[in-house]
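Participant:
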Amino acid sequence: MKTNEWFIRQRDRFKCKESTALHGIVYGAALISLVMVGLCALVLYQSRQDAFERTRETSRNVALIAERDIVRNFELYDLSLQAVIEGLAQPEVMALPDHLRRDVLFDRAATAKYLEALLVLDEAGDIVVDSVSETPRKANFADSAFFKAQRAGDAGLYISDPLRFTLEHDMQSIVLSRRITRADGSFGGVAMIAISLDYFRNLFAGLSLGERGSASVIGQSGLMVMRQPYDVRIIGRDIKTASTFKRFIAEKEGDFSDTASIDNVRRLYTFKTLPHLPFIIMVAMAETDIYAAWRRRALTIGSLMATFGLAFVGLSAVLGTQLRRRMRAESELQLLARTDGLTGLNNRRTFGEVLDLEWRRARRARCVFSLLFVDIDRFKAYNDTYGHQAGDKALAAVAKCIGESIRRPGDTAARYGGEEFVVVLPNTPAAGASFIAEKIRVAISDLSLAHAGSEFGRVTASIGTASWDPESAMDVSDMLKDADRALYRAKAMGRNMVAFASRCAGEVITAECTDIEQGLLVR
1 MKTNEWFIRQ
11 RDRFKCKEST
21 ALHGIVYGAA
31 LISLVMVGLC
41 ALVLYQSRQD
51 AFERTRETSR
61 NVALIAERDI
71 VRNFELYDLS
81 LQAVIEGLAQ
91 PEVMALPDHL
101 RRDVLFDRAA
111 TAKYLEALLV
121 LDEAGDIVVD
131 SVSETPRKAN
141 FADSAFFKAQ
151 RAGDAGLYIS
161 DPLRFTLEHD
171 MQSIVLSRRI
181 TRADGSFGGV
191 AMIAISLDYF
201 RNLFAGLSLG
211 ERGSASVIGQ
221 SGLMVMRQPY
231 DVRIIGRDIK
241 TASTFKRFIA
251 EKEGDFSDTA
261 SIDNVRRLYT
271 FKTLPHLPFI
281 IMVAMAETDI
291 YAAWRRRALT
301 IGSLMATFGL
311 AFVGLSAVLG
321 TQLRRRMRAE
331 SELQLLARTD
341 GLTGLNNRRT
351 FGEVLDLEWR
361 RARRARCVFS
371 LLFVDIDRFK
381 AYNDTYGHQA
391 GDKALAAVAK
401 CIGESIRRPG
411 DTAARYGGEE
421 FVVVLPNTPA
431 AGASFIAEKI
441 RVAISDLSLA
451 HAGSEFGRVT
461 ASIGTASWDP
471 ESAMDVSDML
481 KDADRALYRA
491 KAMGRNMVAF
501 ASRCAGEVIT
511 AECTDIEQGL
521 LVR
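Numbering (UniProt numbering), first residue to last: 1 to 523.
1) In whole angstroms, give me the CA-to-CA distance for Asp154 and Arg295.
2) At the level of alpha carbons, what is the spacing between Phe312 and Thr55?
3) Pick from Ile218, Ala142, Pro162: whose alpha carbon is nearest that of Val190?
4) Which class does Ile239 belong to by DSSP, given the choice of helix, strand or coil?
5) Are there 16 or more other CB atoms within 10 angstroms of the CB of Ala483, so buried, or fewer, so exposed?
6) Kindly indicate the opening and closing residues of the beta strand (DSSP E) around Tyr386.
7) Three or more beta-carbon pairs under 8 Å between the region 386-393 and the region 438-448, yes or no?
8) For a minimum of 4 consecutive residues, which ranges assigned as the alpha helix (DSSP H) are wholly contained in the region 21-97?
9) What are the complete alpha helix (DSSP H) segments, minimum 4 residues, inside the region 233-314?
10) Would you give the residue range spanned by the beta strand (DSSP E) that Ser434 belongs to?
11) With a 10 Å radius around its C-beta and 16 neighbouring C-beta atoms as the bar for buried, classify Pro91 as buried or exposed.
12) Need the endpoints of the beta strand (DSSP E) that Tyr230 sits in, please.
13) On the DSSP bridge list, what partners appear for Gly219?
14) Can you tell me whether Ala63 is buried or exposed? The criterion is at least 16 other CB atoms within 10 Å of its CB, across all chains shown.
15) So, does the region 318-327 touch the region 37-50, judging by three or more C-beta pairs under 8 Å?
16) Suppose the cutoff is 6 Å on Cβ atoms and the five residues either side in sequence are ignored; what does the same chain contact list for Met36 look like?
17) Nearest by alpha-carbon distance to Ala145: which of Val129, Leu100, Met192, Gly185 is it?
18) Identify the continuous beta strand (DSSP E) that holds Tyr199 and give its terminal residues.
19) Between the Cα of Met305 and the Cα atoms of Gly38, Tyr27, Gly28, Ile25, which residue gives the shortest distance?
20) Which residue wins for smallest C-alpha separation from Asp263, given the options Leu81, Ala124, Leu119, Pro229?
21) On a Cα-Cα basis, can you pick out the residue from Ala30, Ile65, Met497, Glu53 that is closest to Leu274?
22) Could you check whether Ala284 and Ala250 sit closer than 8 Å to each other, using their CB atoms as the reference points?
23) DSSP on Met479, reduced to helix/strand/coil?
24) Quick check on Ala317: does DSSP put it in helix, strand or coil?
25) Could you give the C-beta distance for Asp289 and Gly210, rounded to a whole number, given that I count them as a contact under 8 Å?
26) Report buried or exposed for Thr3, applying the criterion of at least 16 other Cβ atoms within 10 angstroms of its Cβ.
27) Buried or exposed for Gln82, please, with buried defined as at least 16 other CB atoms from any protein chain shown within 10 angstroms of its CB.
28) Measuring alpha carbon to alpha carbon, tell me which residue in Leu119, Ser131, Thr135 is nearest Phe147.
29) Output the distance between the C-alpha atoms of Ile70 and Ser214, rounded to the nearest integer angstrom.
30) Going straight from the alpha carbon of Asp411 to that of Glu404, what length do you get?
31) Is Phe421 buried or exposed, if buried means 16 or more other CB atoms sit within 10 Å of its CB?
32) Can you find the residues in the same chain that come closer than 8 Å, C-beta to C-beta, to Phe500, ignoring five residues on each side of it along the sequence?
33) Val374 and Val423: beta carbons closer than 8 Å?
34) Could you name the residues of the same chain whose beta carbon sits closer than 7 Å to that of Gly222, not counting the 5 residues immediately before and after it, in chain order?
35) Tell me the DSSP bridge mates of Arg423?
36) Thinking just about the alpha-carbon of each residue, which of Val265, Arg361, Val398, Glu419 is nearest to the one in Val442?
This is how it looks when you write it as structure tokens:
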């Protein structure tokens, strides 16, 4: 059925608001969830960086502590060697009996932990003074690198690569040596200390390096001196071709991430070259260990955030759906409040609003404006004869004829009450209104609804029309009265006809129009 333009606009506006509200809630919830996830991701990322920084700082501290311990102990070993060489240069010391001379030369250094042997070798490499035995043990070290280096020239404190020191026990050791130079400058032998690699092993033994972390002492020659976790097969391995070792040599100190050549595990390497010693301290923490706690925390937080986000969006969608249903119900209630339930046309309340709106618009735009009153002839007799159910069907059929006879969006039909209907025709002159009225009258008559109580034998309608133009002085109430008078005039003239009202010098003049030529009427 034809509804008024105002209500169409209101309905479309409501649908737009309904869709906007639902989308706004869902999109808003999704946006809030994304913001929360983003903030969570930012916090987790910062936490990951913090884990990395803490590990790097811890590794630096471990390397620093190891450096200080090694440097201090090797300085003490070197001082012991220098003391031996100085004692050998004193005639009174060399004149002492062997056991006293040994005690003077080695003092308490021979009892130091991890010291395997403190020896004095002659120019041929044979042992001449032994910290362990009053009678020097039989061994020759002329072919050893630490002896050859000192024999070739004063090498200062020479520190050997890891070797197996087999004087008494087959021990993995490193040797510290210094040249003994006679008064005439000639080579007089070598003073040496053999230090067990257990020193380095125990230095790192108490460190917590994670399941796949490691700490190492590497010679600048590229040989592995010690590695924690300990594996005897790794000691002495040459890693000078490894990319990690090349960076150790090139940068001297720092940290970086790389994959180890020994076990193919990616680690954070923190390294430092020891001053005045041919060693590199390296602490390597596996990235899997660095981020293990972070991953567990990230998995927990991420799962919670994902659950929260999905639940929040889901609840928002449910809320949006409920809100949409509520808005739709309110819209339907509003529609019911503005619509006649029987005919589907606008009700009298809506008609009043539309009439006032169109009246104001016509006055503002100074355009013509028409009104139709439609009344079913002898409808009470129809109800009495055929019953109220048939009467309701007749009302609905008449309403359908009225709705189908008006086509423009601004035209509005309404049920005024009982068997009476009204039609508002904006921007329509009197001739056009009369044409529409006749069209409606004919359509109702053509329904051919039997009506025994009518002189025409069928259901018919009488229609009164009234029009307003910008030159008229009447108001909307006058139009209603004129249309009503025209309707009664049509009834009085025999029913089933159209009558229109016009004003002349303030008087209302009505005349019937039962045979209207379409070509003479212009809308």
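Think of the CB as a built atom: it goes at the ideal place given N, C-alpha and C, for glycine as much as any other residue. Every value quoted in this text rests on a predicted model; they were computed, and no experiment measured them.
Facilitator: Checking against the coordinates, here is how it stands:
1) Cα-Cα distance, rounded: 56 Å.
2) Approximately 37 Å, taken between the alpha carbons.
3) Ranking Ile218, Ala142, Pro162 by Cα distance to Val190 puts Ala142 first.
4) Coil, per DSSP.
5) Around the beta-carbon of Ala483, 16 or more other beta-carbon atoms lie within 10 Å, marking it buried.
6) That residue, Tyr386, is in no beta strand (DSSP E); its alpha helix (DSSP H) goes 379-386.
7) No: fewer than three Cβ pairs fall under 8 Å.
8) Here the runs fully enclosed are 91-94.
9) Fully enclosed alpha helix (DSSP H) runs of 4 or longer: 243-251, 287-290.
10) Where Ser434 is concerned, there is no enclosing beta strand (DSSP E), although the alpha helix (DSSP H) it sits in stretches over 430-445.
11) Classification for Pro91: exposed.
12) Run containing Tyr230: none; DSSP gives neither H nor E here.
13) Under DSSP, the beta-bridge partners assigned to Gly219 are Phe279.
14) Label assigned to Ala63: buried.
15) No, the region 318-327 is not in contact with the region 37-50.
16) For Met36, there are no CB contacts under 6 Å within the same chain when 5 residues up- and downstream are skipped.
17) It is Met192.
18) Run containing Tyr199: none in the beta strand (DSSP E); it sits in the alpha helix (DSSP H), 198-205.
19) Checked all of Gly38, Tyr27, Gly28, Ile25; the closest Cα to Met305 is Gly38.
20) Nearest of Leu81, Ala124, Leu119, Pro229 to Asp263, Cα basis: Pro229.
21) Looking at the Cα atoms, Ile65 is the closest of the given residues.
22) Contact flag unset, no.
23) Helix at Met479.
24) Reduced to three states, the DSSP call for Ala317 is helix.
25) The pair is a contact, with the Cβ atoms about 3 Å apart (cut-off 8 Å).
26) Because the pLDDT of Thr3 is 46, which lies under 50, any placement of that residue in the model is unreliable, and the question is left without a value.
27) With fewer than 16 other Cβ atoms within 10 Å, it is exposed.
28) Of the candidates Leu119, Ser131, Thr135, the one whose C-alpha sits nearest the C-alpha of Phe147 is Leu119.
29) Ile70 and Ser214 have their C-alpha atoms roughly 18 Å apart.
30) Looking at the two C-alpha atoms, the distance is approximately 11 Å.
31) Per the 10 Å Cβ criterion, buried.
32) So the qualifying residues of the chain are Ala430, Ala433, Ser434, Ala437, Gly464, Thr465, Ala466, Ser467, Ala486, Thr510, Ala511, Cys513.
33) A Cβ-Cβ contact shorter than 8 Å links Val374 with Val423.
34) Once the five neighbours on either side are set aside, the close Cβ partners of Gly222 are Asp238, Ile239, Lys240, Phe245.
35) Sequence inspection shows Val at residue 423; the Arg mentioned does not correspond to that position. Bridge partners of Val423 according to DSSP: Leu372, Ala413.
36) The shortest C-alpha separation from Val442 is found at Val398.
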